[in-house]
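The structure appears right after this line, and notes come after that.
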C-alpha cells in the first residue's frame, strides 16, 4: 500500500465519531486537513452523500496533482437507518 493511501486511511480513522453522528441534510464540510470530509448533499432518495476529497495544497506528493478530487467515496448512508461511525469509516476505507 502506498504512502498516500496509508495517509488517507489514517485520516479516515481519525475522523471524530461525533462528526459522524447527526449528519447535515444540506451538505457541508465536516472535517478539514490534507483532505476534507464532506456531506455533499442529501440525495433525492434520502441518503447522505459522504466523501473524502483532496484539499488544494496538500503536502502529500502522491495527491498534489489532484485538486478537489474524491479520494474516498461516495458512500451513501440512508437517512432512515442508523449507521455507526465505525460502519461509515469502514465503507469510506473500502471506497478509497
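In our numbering, the protein residues as written are 1 to 96. For every residue, glycine included, the Cβ atom is placed at its ideal position computed from N, Cα and C.
Report the rounded CA-to-CA distance for residue i versus residue j, giving the unit in angstroms.
i	j	result
residue 7	residue 80	32 Å
residue 27	residue 64	25 Å
residue 45	residue 58	33 Å
residue 83	residue 77	7 Å
residue 62	residue 34	12 Å
Buried or exposed: which applies to residue i, given that a residue is buried once 16 or more other Cβ atoms fall within 10 Å of its Cβ?
i	result
residue 32	exposed
residue 4	buried
residue 2	exposed
residue 75	buried
Enumerate in chain order the residues of its own chain whose CB-to-CB distance from residue i is below 7 Å, with the five nearest sequence positions on each side excluded.
i	result
residue 13	89
residue 25	42
residue 15	31, 37 and 89
residue 69	53 and 54
Excluding the 5 residues preceding and the 5 following residue i in the sequence, name in chain order all residues of the same chain whose CB lies nearer than 6 Å to its CB.
i	result
residue 93	9 and 12
residue 36	29, 53 and 55
residue 91	75
Taking 8 Å as the threshold (C-beta atoms), are residue j and residue i in contact?
i	j	result
residue 60	residue 71	no
residue 73	residue 95	yes
Can you list, in chain order, the residues of its chain whose CB lies under 8 Å from that of residue i, leaving out five sequence neighbours each side?
i	result
residue 67	54 and 56
Open item on the list: Three or more C-beta pairs under 8 Å: does that hold for the stretch 17-34 against the stretch 48-67?
Closed with: yes
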